[in-house]
Each structure stands twice: as C-alpha cells, then as structure tokens.
Amino acid sequence: MTLTEASPPPTGRAAAPRPPRPRGGPDRSALSLMIPALVPVVLFSVAPLVYGIYLAFTDARAGIGIETSFVFFDNFAHLLADGEFWLSFRIGLIWAVSVTALQFAAGMGLALLLNQDLRLRWLARTLAMIPWAMPPVIIGLMWKLVYHPEAGILNATLMDLGIISENLDWLNDFALALPAIIAVGVWTGMPQTTIVLLAGLQNVSKELHEAAEMDGAGVWRRFTQVTLPQLRTVIIAITSLNFVWNMNEFALVYVLTQGGPGGQTRLPMLYAYEEAFRYGFFGYASAMGVAIVIVVLAVLGLYLRRQLKEAEA
Amino acid sequence: MRTRAAKRTRATAAAALGTVLLLSGCSGTDPADEPMRYLSLAWQTQSVEANKRLVEEWNEANPDRPVQYVQGSWDNVNDQLVTAFEGGDPPDIIHNESPALTSFQYRNYLADLSGDLPESLRSDIKDEAWQTVTIDGEVVGVPLLQEPQVLIANADILKEAGVRIPTSEKPWTWDEFAEISKELTVPGERHAVAWPLDNAVNRMLNLSLNYGGTFFDIGADHKVTVKVGDEEREVVRRIHDQLYKDGTAARAAVGMTASDPLPGFYAGKYAMVQGGVYTRQQVTEQAPDGFEWVMLPPLVGDSAAQGATSQTLSVAAESPHREDAADFISFLAEPENQVDLALGDWLLPTSQEALKAPELTTAKNQWDVATAASDNLEPAPYLQVAGFDEWKTRVAQPALQEYFGNRISIDELARRLEEDGNVVMARYETK
Numbered sequence: 001m002t003l004t005e006a007s008p009p010p011t012g013r014a015a016a017p018r019p020p021r022p023r024g025g026p027d028r029s030a031l032s033l034m035i036p037a038l039v040p041v042v043l044f045s046v047a048p049l050v051y052g053i054y055l056a057f058t059d060a061r062a063g064i065g066i067e068t069s070f071v072f073f074d075n076f077a078h079l080l081a082d083g084e085f086w087l088s089f090r091i092g093l094i095w096a097v098s099v100t101a102l103q104f105a106a107g108m109g110l111a112l113l114l115n116q117d118l119r120l121r122w123l124a125r126t127l128a129m130i131p132w133a134m135p136p137v138i139i140g141l142m143w144k145l146v147y148h149p150e151a152g153i154l155n156a157t158l159m160d161l162g163i164i165s166e167n168l169d170w171l172n173d174f175a176l177a178l179p180a181i182i183a184v185g186v187w188t189g190m191p192q193t194t195i196v197l198l199a200g201l202q203n204v205s206k207e208l209h210e211a212a213e214m215d216g217a218g219v220w221r222r223f224t225q226v227t228l229p230q231l232r233t234v235i236i237a238i239t240s241l242n243f244v245w246n247m248n249e250f251a252l253v254y255v256l257t258q259g260g261p262g263g264q265t266r267l268p269m270l271y272a273y274e275e276a277f278r279y280g281f282f283g284y285a286s287a288m289g290v291a292i293v294i295v296v297l298a299v300l301g302l303y304l305r306r307q308l309k310e311a312e313a
Numbered sequence: 001m002r003t004r005a006a007k008r009t010r011a012t013a014a015a016a017l018g019t020v021l022l023l024s025g026c027s028g029t030d031p032a033d034e035p036m037r038y039l040s041l042a043w044q045t046q047s048v049e050a051n052k053r054l055v056e057e058w059n060e061a062n063p064d065r066p067v068q069y070v071q072g073s074w075d076n077v078n079d080q081l082v083t084a085f086e087g088g089d090p091p092d093i094i095h096n097e098s099p100a101l102t103s104f105q106y107r108n109y110l111a112d113l114s115g116d117l118p119e120s121l122r123s124d125i126k127d128e129a130w131q132t133v134t135i136d137g138e139v140v141g142v143p144l145l146q147e148p149q150v151l152i153a154n155a156d157i158l159k160e161a162g163v164r165i166p167t168s169e170k171p172w173t174w175d176e177f178a179e180i181s182k183e184l185t186v187p188g189e190r191h192a193v194a195w196p197l198d199n200a201v202n203r204m205l206n207l208s209l210n211y212g213g214t215f216f217d218i219g220a221d222h223k224v225t226v227k228v229g230d231e232e233r234e235v236v237r238r239i240h241d242q243l244y245k246d247g248t249a250a251r252a253a254v255g256m257t258a259s260d261p262l263p264g265f266y267a268g269k270y271a272m273v274q275g276g277v278y279t280r281q282q283v284t285e286q287a288p289d290g291f292e293w294v295m296l297p298p299l300v301g302d303s304a305a306q307g308a309t310s311q312t313l314s315v316a317a318e319s320p321h322r323e324d325a326a327d328f329i330s331f332l333a334e335p336e337n338q339v340d341l342a343l344g345d346w347l348l349p350t351s352q353e354a355l356k357a358p359e360l361t362t363a364k365n366q367w368d369v370a371t372a373a374s375d376n377l378e379p380a381p382y383l384q385v386a387g388f389d390e391w392k393t394r395v396a397q398p399a400l401q402e403y404f405g406n407r408i409s410i411d412e413l414a415r416r417l418e419e420d421g422n423v424v425m426a427r428y429e430t431k
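For the protein sequence lines, the chains are A and B, in the order given.
Note that the UniProt record's numbering numbers the first sequence so that position 191 is 191, with each residue one more than the last.
Note that the UniProt record's numbering numbers the second sequence so that position 216 is 216, with each residue one more than the last.
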C-alpha cells in the first residue's frame, strides 16, 4: 500500500481538447475511451487499496475458518497506544529525513560536478548511474558483504588506515546499525536525485550567470542567488518523491538487517510486514499502513505548502 | 465512430477480464489429480541427495500417487508458508521445525494426523518427540530429526591444559565448565569458549531446562504467563558471567550466528565453540589438516535435560491428499530411511530403532556421543505456546541481545521477558 501505487485515475478533464459538451453528464464518447484505461487502474490499484483500507477496520487475522468482524476504530485506538509502533515510526522518520537530506546534498554536489566541462564526462555520468541499475536486494547483499565484521572491505580498510583497532560489527551494533543503513540508502538513491538535478541545472540560463558574474558575484553567491532559485521546482519535486520512497523503503533494510539489532532499524513498513506476515494480524497491519499513508501525506502537505509559499513570495 | 470505439472498449474489457481470470484461477484441472508437493528444507548436499532418492523410491513404488520434490529454504520459509496457506495453495507435505508448528496449528493450517499414522511408527518414535508436535491434542506433524546442544573443542588445547575430558557417562557440570574455561583462557590470545548468541532464544530456552527453567506457565484454562525466576535465570547468567566476569568467553562472538565462530576456532582463537551436533559436519569438512577436535557431551546442571526441538513433516489442512501424504511421511520416517536422513543432516533420528543403527553408534565422527545425548531431550513447554514466535522475535531476541551485549541487567531482562511478554500473550488468548 504505497503512495506511488495510488496514481490518480485519469479524469475527463485530462482528455485533451474539449468539444462543447451536451448538457448534463460527462461526454459519453470520452467516457468510453477512458474505460480501457480505467479498468486496470480500478482492478489493480483502487480495488486493493480500498480492500486494504477496509481491512484496517476489521479484526482480520491469518488462519483458516476464522471469522472476521468489523471493529470500527479499534485498530487505530490500539495503534495510538502502541509505543513500539511509534518508536518504529520515529526510526522511519529519522531514516527518511536523513536519507532524503543527504541524498539531496550529495546528489547536488555530484550534479554540479557532472555539469562542468570535464574530460571523460560521459564516463563519469554513466558510472554515477550504476547504483540505479541494481535491484535493492542485490544492493543489500553487496553492502552486507562490505559491512561484514570479519571479511568486509570496510573494516579491512579502516584497520589498514589505523582508524579502528578492532573489527566493528556494523549491522549488529546498536549505535552503528541505523547510520550504516542510512549510508546505503543514500548510495542507492543518489543516481536519480543526481540525474534530475543535472537535468534542472542544464536549464539554468547561462546569461543570468554571466550577468551576475559581471556584477561581481562570486561562485557561492551565484550558486545561491542564481542557480538555486531556478532549480526550486525541481528540488521540491525530487525531495518530496525521495521522502515518500524512503519512508516506504522495505527490500533494502529487510535484506540488510531485518529490522535488527533489537528493532533499531525496524522501519514502519518492516513493522507492518512482520505484523501481517509473521504474526498474522492482517487487520492491525492494514491499520498501520493507513496510518503511515496519512502521516506521510500530512508531512508532505506541510512541506509542499511551505515550499510553494516561499516560491510565491 | 462511437460504435467502433464501443466495440474496441468491449474487446479490451474482455481481454482485461480474461487476464484476470487467468491470473486468479490458473488451471481447470482438479488439484486432487496433481502430484503431491513435498516442500523440503534440506540444504546439505548429502541430505538433499537422500531426500531426492527417497522421493524417487516412493514414486517407483507408488506410481498412482506421485510426490514432487520442491526445494525450500529455512531462511524465509515461515513467511512464505503464511502466504501459501492464505492463498489457499500450500504444499501438501511440509518440512519445518516444531517451534513453528504451534502458530500454524493455532491458525488451523495443519492437518491432524493422529488417525493416519501406522501403529509401528507411533511406537517407534519416542514419546518425548511426539510431545513436541502434539498441540491442543492434535498431532500436527511427525518429528524426524533432533538436535542436542553440545560443545566442540580443540583436542590439542584440552590435552595441553591437562583437563579432564568429559564422557557421556561423566559429563562436565556447568560449574566444572566455568572452572576449566578459566584454565583454557590465555588473556589477549585465546578465549576458552565462543557462544554465538545472535539468534539464541531457542537455544537458551532449551539449555535452561538444565536448571528446570521453563519460562512459560500454562494454566488450566490455557492462559499463558511468562515467568522468569531463579531457574530461568541460571543458564543465561552463567554465560553472561563467562563473558563479562570471568572473561573466558569471547565477546566478539556475541553478535555471531551458529557457524560464524568456526574460522576463529580453527585458528586457535577459541578452545571451544558451542553449537548443535550438526556442527561436526562443518568442522570435519572445513578444518585444516591435522586439526584435532572432540565433541563434548551436553553440560549438566541440576539435570542433563535439554529442550528438544524437532525437524518435522506435516500435512496442510487443505491438501486433498491427506492420507497419501501421511503415508509418504510414514515412509520417510521408517527407521532405515531416518538413518539416511540423519546421516545427511548430521542430526539424530527420533526413531528408537534408527538410533541403534551401526552408522549412528560408531565412534567415527563421534556419532556415539551425539546419539547418547538424545536421551536427555525433553519437550519444552514453549512448544505449546501460540504466541511464542512473536514473543521470541519481538521481546526475547532483542532483550537477550541487549543482555548479552551487557547493556541491561538480568533484572531488566527478566522484567522485559515477563511484562512485555505477557502483553504479547494476551493477543493470542482467543482462538
């Protein structure tokens, strides 16, 4: 039940040039054209979504011949009092916010670099894309090897450099596990952030830069006063998308830590998965899914409103 | 124009509907005509071979009710099975372990086999093993293989130190073990023992029976409460002492899972490693030439009793082949076949007849010591607790990790296991 699945159904208005409409009801020929597109959307997006929301109001649980009854807001009441869920929510927010912020910072740096007229720029641009081409499970397995306490390349390197004196168990240490997976998250998501920002950078007008330079603006000043304002819409789009993706991240963390040690990396999605498929409380897990969607929408709404207001000002 | 569009719409809608139908009900053939699927979790080469050979033997003798071998993996089998059961398409014959069966039984996923097994099988397998699969009066599986917890030691180090080598008749007590561990430790160079404690809940519960620690009280009304008294604290406290008081156990092993400490063991960094009897296989196969090892019989506390978990074979409640599947399981559980499976997995058979087989009583690879340990196995109460799986992953695992990481005291450990545990138990009170 991710946000991205719930793409809005195409509406009549989107169906381009509008001939004068007969009074009352939508244009019938437009409607008949829409149906083929609507059927899969309803079947594969809307129906599961509605079913998921319905489950959230029942006490559905795994088992054969088990009766399910409607419990209204019971699940949500339990959820409000479920300290562990909110703890996992906090971890999810720390994860999503820091991964998004770091992805943005690193992606911006890389995009600026790739926007320069470097030698072998084509090669650098291709290399920067590689993490994007890898499935999350493979990334998870690869980083698991990197972080391996005995055989991992990270410990070996740090030992050789004399930075650590004994091997660290990155993914099992209570303090290190979350930062360690955040680093992987940033690495994974950097390519798309970089590419989107790079595309934006290429649209920044050269004339403005030249004009600012003539007026004596330094590099930093030109970046903050010329580049950033022109990138604003791109930045808003990519950071909000990244935030939603990161909040709903599952495969990567499932492979790396399964939420351990002691729940230190148990993101809300992992928690809901455990609740549904390990312990079999489908209704309660659906309620969690709904709660996650509501909170993500709320955070996103606040963020977008602020950003758009600033853009107008 | 409109009619053409409408026609096309209808055609597309029909196509979409067709796809959906295709996806939802793949075939029109009756599932009762299809071969039985046997989901096997065997992973060691020998054991996979033994399983496949037995399936072939069965298929030759029973061409009218064939079995198809399906390879599964321990890593994610339970999540996978939940989806299969809920989707209504579970494998007919399911290989698993007894702690997982409790929650499956609670959800009515498994068939009660009490009426389908031949008397010869019922009497051949030990009662203690049957109790590990009898839940709420239902026999939800056939116990096949069992795994006592032992120590594997570097024989040269033991000899050099001149300590008494324990035997099945006169094993080490926990006190003796603690004292000898001090002798075997060389500060900065070698620890006496490596306890891989990352995934240790089942093992700690099984070992705690040494001091009568049962962790769960099951009332007459099936109400379950978690209790952590002196008996339950004994074993974990002793291990914690080795780690943080005596310094005889390697702290580096705390975050490791079962076979992780073996490279350090071969390198002489640990004099002993703790593991199940199957650890022998890895040691014989991987240890460098000239490495001498010895398996030590289970430690003794107030008794030598250990909790038994069994590998099991069950039949899905929804399987249309229940009786045939039960026959196939009975075939696999015949003494001579159990011997093959036990040898393949380096575990102990539950069949009393099989335990007498010469291959399993030879001194080679210390099968005799392993087999002798099977007498100590007793069913542990946690196998009857429906919420055990959630208690284990949500409460006990993190709490034990923190305790063995020396981040919380034993009182805090006990408090969490009990209080947080009872919250979990409350979720499973209604069936």
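Idealized CB from N, CA, C, for every residue including glycine.
Remember, it's a predicted structure, so these values are computed and weren't measured experimentally.
Cutoff 8 angstroms: residue i Cβ touching any chain B Cβ
{"i": "A47 (chain A)", "result": "no"}
{"i": "D169 (chain A)", "result": "yes"}
{"i": "I294 (chain A)", "result": "no"}
{"i": "residue 318 (chain A)", "result": "With chain A covering 1 to 313 only, the question about residue 318 (chain A) has no answer from this structure."}
{"i": "I164 (chain A)", "result": "no"}
{"i": "N172 (chain A)", "result": "yes"}
{"i": "I235 (chain A)", "result": "no"}
{"i": "residue 315 (chain A)", "result": "Residue 315 (chain A) is absent from the structure shown; chain A starts at 1 and stops at 313."}
{"i": "G63 (chain A)", "result": "yes"}
Any chain A beta carbon closer than 8 angstroms to residue i
{"i": "P398 (chain B)", "result": "yes"}
{"i": "G255 (chain B)", "result": "yes"}
{"i": "C26 (chain B)", "result": "With a pLDDT of only 46 at C26 (chain B), under the threshold of 50, the placement of this residue in the model should not be trusted; the figure read from the coordinates follows. Output row for C26 (chain B): interface = no."}
{"i": "A372 (chain B)", "result": "no"}
{"i": "D198 (chain B)", "result": "yes"}
{"i": "A317 (chain B)", "result": "yes"}
{"i": "V67 (chain B)", "result": "no"}
Boundaries of the beta strand (DSSP E) in which residue i is found, first to last residue
{"i": "G166 (chain B)", "result": "Just to set this straight, residue 166 (chain B) is Pro in the shown sequence, not Gly. No beta strand (DSSP E) holds P166 (chain B); DSSP gives it neither H nor E."}
{"i": "A271 (chain B)", "result": "270–276"}
{"i": "V255 (chain A)", "result": "Looking at the DSSP string, V255 (chain A) is not in any beta strand (DSSP E); the run it does join, the alpha helix (DSSP H), is 251–256."}
Residue i, enclosing alpha helix (DSSP H) - first and last residue
{"i": "A287 (chain A)", "result": "282–312"}
{"i": "F223 (chain A)", "result": "Premise fails: F223 (chain A) is in no alpha helix (DSSP H) and is neither H nor E."}
{"i": "H78 (chain A)", "result": "74–81"}
{"i": "D345 (chain B)", "result": "335–345"}
{"i": "P136 (chain A)", "result": "136–146"}
{"i": "T350 (chain B)", "result": "It is not in any alpha helix (DSSP H) - T350 (chain B) carries neither H nor E in the DSSP assignment."}
{"i": "W367 (chain B)", "result": "367–373"}
Between the CA atoms of residue j and residue i - distance to the nearest angstrom
{"i": "E67 (chain A)", "j": "L158 (chain A)", "result": "57 angstroms"}
{"i": "L103 (chain A)", "j": "V253 (chain A)", "result": "Before going on, a small fix: residue 103 (chain A) reads as Gln here, not Leu. Between Q103 (chain A) and V253 (chain A), the C-alpha separation is close to 17 angstroms."}
{"i": "I94 (chain B)", "j": "I195 (chain A)", "result": "48 angstroms"}
{"i": "A194 (chain B)", "j": "E359 (chain B)", "result": "30 angstroms"}
{"i": "Q105 (chain B)", "j": "S168 (chain B)", "result": "36 angstroms"}
{"i": "V234 (chain A)", "j": "I182 (chain A)", "result": "23 angstroms"}
{"i": "Q80 (chain B)", "j": "L201 (chain A)", "result": "46 angstroms"}
{"i": "E176 (chain B)", "j": "V277 (chain B)", "result": "21 angstroms"}
{"i": "G259 (chain A)", "j": "G107 (chain A)", "result": "27 angstroms"}
{"i": "A298 (chain A)", "j": "F76 (chain A)", "result": "17 angstroms"}
{"i": "A84 (chain B)", "j": "S374 (chain B)", "result": "34 angstroms"}
{"i": "G152 (chain A)", "j": "F282 (chain A)", "result": "38 angstroms"}
{"i": "L41 (chain B)", "j": "D173 (chain A)", "result": "30 angstroms"}
{"i": "T430 (chain B)", "j": "E119 (chain B)", "result": "34 angstroms"}
{"i": "I164 (chain A)", "j": "N59 (chain B)", "result": "59 angstroms"}
{"i": "R407 (chain B)", "j": "Y382 (chain B)", "result": "26 angstroms"}
8 angstroms Cβ cutoff met for residue i and residue j
{"i": "Q306 (chain B)", "j": "E97 (chain B)", "result": "no"}
{"i": "L151 (chain B)", "j": "A317 (chain B)", "result": "no"}
{"i": "H78 (chain A)", "j": "Y273 (chain A)", "result": "no"}
{"i": "T257 (chain B)", "j": "N202 (chain B)", "result": "no"}
{"i": "G275 (chain B)", "j": "W174 (chain B)", "result": "no"}
Problem - Near-chain A residues of the stretch 97–114 of chain B (beta-carbon distance less than 8 angstroms), N- to C-terminal order - result: Listed by position along the chain: S103, Y106, R107, N108, Y109.
Practice task
Please list the residues of the stretch 71–85 of chain B that have a C-beta atom closer than 8 angstroms to any C-beta atom in chain A, keeping them in chain order.
Solution key: N78, D79, V82, T83, F85
Practice task
Would you list, in chain order, the members of the stretch 271–290 of chain A that have their beta-carbon closer than 8 angstroms to a beta-carbon of chain B?
Solution key: E274, F277, R278, Y279, G280, F281
Practice task
With 9 angstroms as the C-beta to C-beta threshold (strictly closer), list the residues of the stretch 386–397 of chain B near chain A in chain order.
Solution key: Here the close residues are G387, D389, E390, T393, R394, Q397.
Handout entry: Chain-ordered residues of the stretch 401–431 of chain B with a beta carbon less than 8 angstroms from chain A
Key = Q401, E402, G405, R407, R427
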